[in-house]
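Student:
4 protein chains.
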Amino acid sequence: MNDQSGEKKVCLVIGAGAGIGGAITKKFASAGYHVCFARRSDRTGLTNMEKDLRTSGYSVSGHILDVTKEDVIEELIGEIEQKVGSIHTAVYNVGAQIGNRSLEDTKLKTFELGWRLGTFGLYRLAKELLPVMAARGAGNLLVTGATASVRGNSGQHSHAATMASRRMLCQSLNAEFAERGVHICHIIIDGLVDAPDTLGKMLGPKQFELLRQSKGYEKNGLLLPNHIAETYYQLAHQHPSTWTFETDLRPHSAVPWWNHITRDF
Amino acid sequence: MNDQSGEKKVCLVIGAGAGIGGAITKKFASAGYHVCFARRSDRTGLTNMEKDLRTSGYSVSGHILDVTKEDVIEELIGEIEQKVGSIHTAVYNVGAQIGNRSLEDTKLKTFELGWRLGTFGLYRLAKELLPVMAARGAGNLLVTGATASVRGNSGQHSHAATMASRRMLCQSLNAEFAERGVHICHIIIDGLVDAPDTLGKMLGPKQFELLRQSKGYEKNGLLLPNHIAETYYQLAHQHPSTWTFETDLRPHSAVPWWNHITRDF
Amino acid sequence: MNDQSGEKKVCLVIGAGAGIGGAITKKFASAGYHVCFARRSDRTGLTNMEKDLRTSGYSVSGHILDVTKEDVIEELIGEIEQKVGSIHTAVYNVGAQIGNRSLEDTKLKTFELGWRLGTFGLYRLAKELLPVMAARGAGNLLVTGATASVRGNSGQHSHAATMASRRMLCQSLNAEFAERGVHICHIIIDGLVDAPDTLGKMLGPKQFELLRQSKGYEKNGLLLPNHIAETYYQLAHQHPSTWTFETDLRPHSAVPWWNHITRDF
Amino acid sequence: MNDQSGEKKVCLVIGAGAGIGGAITKKFASAGYHVCFARRSDRTGLTNMEKDLRTSGYSVSGHILDVTKEDVIEELIGEIEQKVGSIHTAVYNVGAQIGNRSLEDTKLKTFELGWRLGTFGLYRLAKELLPVMAARGAGNLLVTGATASVRGNSGQHSHAATMASRRMLCQSLNAEFAERGVHICHIIIDGLVDAPDTLGKMLGPKQFELLRQSKGYEKNGLLLPNHIAETYYQLAHQHPSTWTFETDLRPHSAVPWWNHITRDF
Numbered sequence: 004m005n006d007q008s009g010e011k012k013v014c015l016v017i018g019a020g021a022g023i024g025g026a027i028t029k030k031f032a033s034a035g036y037h038v039c040f041a042r043r044s045d046r047t048g049l050t051n052m053e054k055d056l057r058t059s060g061y062s063v064s065g066h067i068l069d070v071t072k073e074d075v076i077e078e079l080i081g082e083i084e085q086k087v088g089s090i091h092t093a094v095y096n097v098g099a100q101i102g103n104r105s106l107e108d109t110k111l112k113t114f115e116l117g118w119r120l121g122t123f124g125l126y127r128l129a130k131e132l133l134p135v136m137a138a139r140g141a142g143n144l145l146v147t148g149a150t151a152s153v154r155g156n157s158g159q160h161s162h163a164a165t166m167a168s169r170r171m172l173c174q175s176l177n178a179e180f181a182e183r184g185v186h187i188c189h190i191i192i193d194g195l196v197d198a199p200d201t202l203g204k205m206l207g208p209k210q211f212e213l214l215r216q217s218k219g220y221e222k223n224g225l226l227l228p229n230h231i232a233e234t235y236y237q238l239a240h241q242h243p244s245t246w247t248f249e250t251d252l253r254p255h256s257a258v259p260w261w262n263h264i265t266r267d268f
Numbered sequence: 004m005n006d007q008s009g010e011k012k013v014c015l016v017i018g019a020g021a022g023i024g025g026a027i028t029k030k031f032a033s034a035g036y037h038v039c040f041a042r043r044s045d046r047t048g049l050t051n052m053e054k055d056l057r058t059s060g061y062s063v064s065g066h067i068l069d070v071t072k073e074d075v076i077e078e079l080i081g082e083i084e085q086k087v088g089s090i091h092t093a094v095y096n097v098g099a100q101i102g103n104r105s106l107e108d109t110k111l112k113t114f115e116l117g118w119r120l121g122t123f124g125l126y127r128l129a130k131e132l133l134p135v136m137a138a139r140g141a142g143n144l145l146v147t148g149a150t151a152s153v154r155g156n157s158g159q160h161s162h163a164a165t166m167a168s169r170r171m172l173c174q175s176l177n178a179e180f181a182e183r184g185v186h187i188c189h190i191i192i193d194g195l196v197d198a199p200d201t202l203g204k205m206l207g208p209k210q211f212e213l214l215r216q217s218k219g220y221e222k223n224g225l226l227l228p229n230h231i232a233e234t235y236y237q238l239a240h241q242h243p244s245t246w247t248f249e250t251d252l253r254p255h256s257a258v259p260w261w262n263h264i265t266r267d268f
Numbered sequence: 004m005n006d007q008s009g010e011k012k013v014c015l016v017i018g019a020g021a022g023i024g025g026a027i028t029k030k031f032a033s034a035g036y037h038v039c040f041a042r043r044s045d046r047t048g049l050t051n052m053e054k055d056l057r058t059s060g061y062s063v064s065g066h067i068l069d070v071t072k073e074d075v076i077e078e079l080i081g082e083i084e085q086k087v088g089s090i091h092t093a094v095y096n097v098g099a100q101i102g103n104r105s106l107e108d109t110k111l112k113t114f115e116l117g118w119r120l121g122t123f124g125l126y127r128l129a130k131e132l133l134p135v136m137a138a139r140g141a142g143n144l145l146v147t148g149a150t151a152s153v154r155g156n157s158g159q160h161s162h163a164a165t166m167a168s169r170r171m172l173c174q175s176l177n178a179e180f181a182e183r184g185v186h187i188c189h190i191i192i193d194g195l196v197d198a199p200d201t202l203g204k205m206l207g208p209k210q211f212e213l214l215r216q217s218k219g220y221e222k223n224g225l226l227l228p229n230h231i232a233e234t235y236y237q238l239a240h241q242h243p244s245t246w247t248f249e250t251d252l253r254p255h256s257a258v259p260w261w262n263h264i265t266r267d268f
Numbered sequence: 004m005n006d007q008s009g010e011k012k013v014c015l016v017i018g019a020g021a022g023i024g025g026a027i028t029k030k031f032a033s034a035g036y037h038v039c040f041a042r043r044s045d046r047t048g049l050t051n052m053e054k055d056l057r058t059s060g061y062s063v064s065g066h067i068l069d070v071t072k073e074d075v076i077e078e079l080i081g082e083i084e085q086k087v088g089s090i091h092t093a094v095y096n097v098g099a100q101i102g103n104r105s106l107e108d109t110k111l112k113t114f115e116l117g118w119r120l121g122t123f124g125l126y127r128l129a130k131e132l133l134p135v136m137a138a139r140g141a142g143n144l145l146v147t148g149a150t151a152s153v154r155g156n157s158g159q160h161s162h163a164a165t166m167a168s169r170r171m172l173c174q175s176l177n178a179e180f181a182e183r184g185v186h187i188c189h190i191i192i193d194g195l196v197d198a199p200d201t202l203g204k205m206l207g208p209k210q211f212e213l214l215r216q217s218k219g220y221e222k223n224g225l226l227l228p229n230h231i232a233e234t235y236y237q238l239a240h241q242h243p244s245t246w247t248f249e250t251d252l253r254p255h256s257a258v259p260w261w262n263h264i265t266r267d268f
């Protein structure tokens, strides 16, 4: 996809493994974008993903990026803007889930890491990129949220604290930048995602496959990354008269976050 | 658009004048649906709309329908299901806005009418149609919400009461029918819509045109029905693994409902 | 309790059986108010309650009042204001819970009744009383909410629709009347109440007693009406510089409405 | 106030200057508690406050405490629990407001400091104290929230991010500790507080006095710390069957966070 100057449009995906981020990378690339995608670790996985996408004829470049390290986000954005092209859409898809841990089992360091991954990384990305987008009067920042963005729960001290923070940061960014042409959008992923790199690793391969058999596949009880990516793509292409700030996504058979299982009286 | 049996897919739009409902009618018709659209009054407007759409080669049928009258919703659904085809997507887009009125100026009859238009009509539609969709294991119910769906305000006694009710009815319907294959989706229209039949009538033609000049047109400060319709169409075609229950839409330059103009300290 | 003119202060409680409403009646009466309390039916229960309270030296008067009947709310308020005294605090505690019923099992008449009890009765009360309070520059309207005020659920079509409506009506009333000196307060009762007239009747005496033994008594797992009444009383006596619009109440061991039982990943 | 063993009950207030925290200190002390209060700086102010309170016959001890420093919260709690007595109620009232600053004007260090003050300090307090309270089966943690706890806004990037995080941390703590007897309560202060140490310093003495004259005094348009303290005290003494998790407070004439000034159509 080319912009008016004939230049290829650029999409940046931070947090792109074999799940939502990977699917978004593929979706935007297949639509003609050059996609810069980044993941925290696993150079081999990164190179393979790059190869696969290029084999399909897509224009992509992969980066290893630990968002908790100083200056790395800022440098990557600078490099892309200078050497690759203007970022049309940035996706912040870095997870901060550590499973359920009691307060006692959540260390101070873990809690701080949750904040660095969940909130501070987005803040740094925004600080570097949004003024540039605003100067151009155009751009999208799509941010992945979770159930924990909208309610705390037992065992979710670190996760809920950082995801709620991320959401309110998005509201603040929206209030400052939407009228200047930058579309901020927060997508609440309210269910289990069929993603080997996150849920798969948390459960282990065997339990993950059992879950897929009981809930996923034809039952559509797990969120499918490719379909999530469709929604992200549509959100990045809404007309400025008609923007979404927040949307939620869940499998048709999942219980939404606001519904108890307990019966009401 | 035909379903597996080769039959044309049917879309029903209740509340279809020269605004959101009309644009949704056009969008679904242009995508190959047969669209049954209904509006409260104005037979001439209805006939003209029907003619225009048919001239474009679309398959549509218009109905005059006052949702506050007994049995009419139920009968229309029965008629469509029997004679036209299975309803794939139903849109409840009936407005209940009466402008800002103080408590004293809002009569009991007005308040009750607000409830009949805003809530009870949707309830009756759901009661008639959702069990049928659930038996087929498929179908969409898209419901238009408003700023008043999520917060009350001075002068909004009737409107906020009925729109919040509509929203919670949607949550209840979703809890009962989503796992049975029926997609319920509530779309919060959080801004002024560039629609002559609603905003235009409320303001009068002169003030409406002034508003368009100051906020709309190239400034994209009014929601454009055609772009709203895009989102409705996308929502009706999400994969069952990845459904949206709620999304919001507003012009890029509009202040969202949760933001004061007053500064924080 | 007397106001500056030496007149006894008046409290009106609508929905006063052997639960929250009864406890509020007792609390305000014991603090020196004259309390007019009303319930839908059961003349004997009413008379006994009246006797008991008077035996304790309290000043009360009981009324049978079916809020769904025309003019009765308006007449009662007129009568009290004329013959008894200025209403300092009005409590709308009318329930609209019908237990869990599927969409199919909820009749149109039932849904409409839910609206009349849950929303319309409050609207009529507000319309009659709030302008009078505003003219005096003082007064309280305390409104009982429920879990269903803030989220819909399976089987809660009627209840959630009307309780959400009630809540947004309160927000609208607050926006119009708070600055004129009328304190509107919405209290979310987010748990089971140890009340024989509501929960007790729904469960039957045997199951109700079993529930009390398993959850209530020393375990404090059921909301106790007397303690709820404490909070209502405090809310009615907040200083105008420091008003609460919304508060929630639940037993310490209850799961709040926003928490799943399902584990997060 | 003495507990069953005859020991004086202890209240700990973190963030106690000449505003909400100071008023809470006074309220609990006047009710018979020994109150340990802490503020970030101003040794003279601390000593004067201590003197004043002791002159009134109250039992208090003041501490200088910078919650961003390692181990200091943990050590203070250990010291109090060992040498003074069991903490009955802890109040986390540390502010994180920096006024309105654009994204560009909010430095990374400032954003991180906001998190340390707003979120991490509470987390450390909870981690140290809540297991101890849970082992006793009793205790209260009252946490001050703000408008920014529930919505982001232009200029509020740091403040909203940390206050929303604080709120979700409270929800997570509540989910883990309420059933074990620890009452977590989050109080949303949704308006300007008549407090010289916070609002007064932000505005400067002259503008602060002008604001008091235009909004405060007899107009009750600024939140009064003494009345806020009343509510905190009541919340700390609710019966376990009937606990509040969240409540809001604002002046009667203030516009609540969910209400625009813009009119609806």
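Protein chains in written order, with this note's numbering: chain U, 4 to 268; chain X, 4 to 268; chain V, 4 to 268; chain D, 4 to 268.
C-beta atoms are modelled at their ideal positions from N, C-alpha and C, and glycine is treated no differently.
All of these numbers come straight from a predicted model, not from anything done at the bench.
1. Do S244 (chain D) and L225 (chain V) have their beta-carbon atoms positioned less than 8 Å apart in this structure?
2. What three-state label does DSSP hand L125 (chain X) in the structure shown?
3. Which class does A151 (chain V) belong to by DSSP, given the choice of helix, strand or coil?
4. So for F40 (chain V), helix, strand or coil by DSSP?
5. Using a 10 Å radius around the Cβ and a threshold of 16 neighbouring Cβ atoms, would you call S59 (chain D) buried or exposed?
6. How should Y95 (chain D) be labelled, buried or exposed, when 16 other C-beta atoms within 10 angstroms of its C-beta is the threshold for buried?
7. So what's F268 (chain U) in DSSP terms, helix, strand or just coil?
8. In chain order, what residues of the same chain have a beta carbon less than 7 Å from the beta carbon of A26 (chain X), not counting five sequence neighbours either side?
9. Mind reading off the beta-carbon distance from I275 (chain X) to G124 (chain X)? Whole number of angstroms is fine, and I expect it under 8 Å.
10. Pull the bridge partners of T223 (chain D) from the DSSP assignment, please.
11. For the alpha helix (DSSP H) containing M95 (chain X), name the first residue and the last one.
12. Pick out whichever of V:A141, V:M171, V:L111 and V:L106 has its Cα sitting closest to the Cα of N156 (chain V).
13. In chain V, which residues lie less than 8 Å from W246 (chain U) when you measure between Cβ atoms?
14. By DSSP, does N156 (chain V) sit in helix, in strand, or in coil?
15. Contact between the region 209–223 of chain V and the region 146–161 of chain V: three or more CB pairs below 8 Å?
16. Taking only the alpha-carbon atoms, compute the straight-line gap between L15 (chain X) and D200 (chain X) and give it to the nearest angstrom.
17. On the three-state DSSP scale, how would you describe W261 (chain D)?
18. At the level of alpha carbons, what is the spacing between G142 (chain D) and I83 (chain D)?
19. Compare the C-alpha of S44 (chain X) against each of X:L56, X:K29, X:L68 and X:L133 and name the closest.
20. Spell out whether any CB of chain X is found under 8 Å from the CB atom of H189 (chain U).
21. Is the shortest distance between the beta-carbon of G22 (chain X) and the beta-carbons of chain D less than 8 Å?
22. Less than 8 Å between C-beta atoms, sequence neighbours within five positions excluded: which residues of the same chain meet that for A198 (chain D)?
23. Are the C-beta of N143 (chain V) and some C-beta of chain U separated by less than 8 Å?
24. Sort out for me which residues DSSP pairs N143 (chain V) with in a bridge.
25. Could you run through the region 99–126 of chain X and flag, in chain order, every residue whose CB is less than 9 Å away from some CB of chain D?
26. Could you check whether A32 (chain V) and V63 (chain V) sit closer than 8 Å to each other, using their CB atoms as the reference points?
27. Thinking C-beta only, is T47 (chain X) closer than 8 Å to W118 (chain X)?
28. Using a C-beta cutoff of 8 Å, does N262 (chain V) count as contacting chain U?
29. Per DSSP, which one or two residues make a beta bridge with I67 (chain V)?
30. Less than 7 Å between C-beta atoms, sequence neighbours within five positions excluded: which residues of the same chain meet that for P254 (chain D)?
31. Given that I231 (chain U) touches chain X, what residues does it touch there, using C-beta distances under 8 Å?
Tutor: Well, looking at it:
1. yes
2. helix
3. Three-state result, A151 (chain V): helix.
4. strand
5. exposed
6. buried
7. Unreliable placement is indicated for F268 (chain U), whose pLDDT of 40 sits below 50; the coordinate value is still reported in the next sentence. F268 (chain U) falls in the coil class under three-state DSSP.
8. Only P228, N229, I231 and A232 meet the Cβ criterion.
9. Here chain X comprises residues numbered 4 to 268, so residue 275 (chain X) is not present and cannot be evaluated.
10. Looking at the sequence shown, residue 223 (chain D) is not Thr but Asn. DSSP output for N223 (chain D) lists no bridge partner at all.
11. The sequence given here has Tyr at residue 95 (chain X), not Met. Segment I90 to Y95 is the beta strand (DSSP E) holding Y95 (chain X); no alpha helix (DSSP H) there.
12. V:L106
13. Residues of chain V passing the Cβ test: none, with the nearest at roughly 25 Å.
14. coil
15. no
16. 19 Å
17. coil
18. 15 Å
19. Just measuring C-alpha positions, the residue of X:L56, X:K29, X:L68 and X:L133 sitting nearest S44 (chain X) is X:L68.
20. no
21. For G22 (chain X), no Cβ of chain D is located within less than 8 Å of the residue's own Cβ.
22. G20, A21, G22, I23 and P228
23. no
24. V:T92 and V:H186
25. Q100, G102 and N103
26. yes
27. Contact: no.
28. yes
29. V:R42
30. G194, N223, G224, L225 and L226
31. T245
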